[in-house]
Amino acid sequence: MKDRLDTLKEINLPIWLTEVDIVEKDPHKRAISLENVMRVGFSHPSVHGIILWCFWNLKCWRGPYTGLVDGDNFTLTEAGRVYQDLRRQWTTSEVLTASEVFKHEEVFKFRGFHGDYDMFIHLSDGKTIKKSFEVKPGNRELIVKVNIEYN
């Protein structure tokens, strides 16, 4: 899969993995295959997104061996648990405190994946400042400046 994505990368267009289904009767093999597809897709610099298609085994046009959830109670399958685990790994939700102070600037460092972020700064006077920013694929370091006016 990576080799094919590398070939498609040459045309310099964004790649989306859409309508992704893993049809496999063995639940363990289905989970492993889904994890492989998700990891290769997420890590490839030209892939801009992954859209899974059949999430419920009872209502999938491809049959019962594709779902992330099973039955009327939407019980997670092994593949569903893999999906949830990957989402947790790839979601950045941290509470940071200042690690350095330099000329009235506070520096916060974290490791995050590419994507959109909302940063909330809670001030001592009870106010909160929200700053949105994007981490693009290939960014090694990003500086986000926030102006804070003290009364």
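Quick note on numbering: this note's numbering labels position 87 of the sequence shown as 110, and the sequence is numbered without any gaps. Glycine residues also receive a C-beta, built at the ideal position from the N, C-alpha and C atoms.
Can you have a look at Leu-81 and say buried or exposed, based on whether 16 or more other CB atoms are within 10 angstroms of its CB? When all chains shown are included, Leu-81 counts as exposed.
Under three-state DSSP, which class holds Leu-75? Here Leu-75 sits in strand by DSSP.
Run through the DSSP bridge pairs and tell me what Met-142 is partnered with. Lys-154
Endpoints, beta strand (DSSP E) assigned at Val-43: Its beta strand (DSSP E) spans residues 38-43.
Can you list, in chain order, the residues of its chain whose CB lies under 6 angstroms from that of Ser-69, leaving out five sequence neighbours each side? If you ignore the 5 residues before and after Ser-69, its C-beta comes within less than 6 angstroms of the C-beta of Lys-32 and Ile-38, all in its own chain and listed in chain order.
Of the residues Leu-75, Leu-57, Val-167 and Phe-133, which one's Cα is nearest the Cα of Ser-155? Val-167
How should Arg-27 be labelled, buried or exposed, when 16 other C-beta atoms within 10 angstroms of its C-beta is the threshold for buried? Exposed.
Is it the case that the Cβ atoms of Val-46 and Gly-86 are separated by a distance below 8 angstroms? yes
Asp-49 in three-state terms, based on DSSP: coil
Let me check understanding here. Comparing Cα to Cα, which of Asn-170, His-137 and Glu-101 lies closest to Phe-143? Asn-170
Exposed or buried, which one is Gly-72 when buried takes at least 16 other CB atoms within 10 Å? exposed
What span of residues does the alpha helix (DSSP H) with Leu-28 cover, start to end? 25-32
Could you tell me which residues DSSP pairs with Asp-95 in its beta bridges? DSSP output for Asp-95 lists no bridge partner at all.
Thinking C-beta only, is Thr-100 closer than 8 angstroms to Leu-91? yes
Could you tell me the alpha carbon to alpha carbon distance between Tyr-140 and Gly-149, rounded to whole angstroms? 22 angstroms
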